[in-house]
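Novice: Mind having a look at this structure? Questions to follow.
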Amino acid sequence: MRTTKFCTRCGEGVFMAKHKDRYSCGKCGYTEFIGKK
87 MRTTKFCTRC
97 GEGVFMAKHK
107 DRYSCGKCGY
117 TEFIGKK
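Counting with the working numbering, you get residues 87 to 123 for the letters of the sequence shown.
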């Protein structure tokens with residue numbers, strides 16, 4: 087079971103790297119911030 091997310095732009099099969107305050111896709115560069123909005 088994977089704990090990381092799939093990239094919403096690239097689709098299934100491309101995982102997002104988990105950082106302290108964000109998720110980041112290494113393929114397309116999409117960034118999703120964690121926490122307060």
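We treat Cβ as the ideally placed atom computed from N, Cα and C, and that holds for glycine.
The beta strand (DSSP E) with Y109 in it runs from where to where?
Specialist: First-last of the beta strand (DSSP E) with Y109: R108 to C111.
Novice: Could you compute how far the alpha carbon of M101 sits from the alpha carbon of K122?
Specialist: Sequence inspection shows Phe at residue 101; the Met mentioned does not correspond to that position. Roughly 23 Å between the two C-alpha positions.
Novice: Could you give the residue range of the beta strand (DSSP E) that holds G115?
Specialist: G115 -> no beta strand (DSSP E), and no H or E assigned at all.
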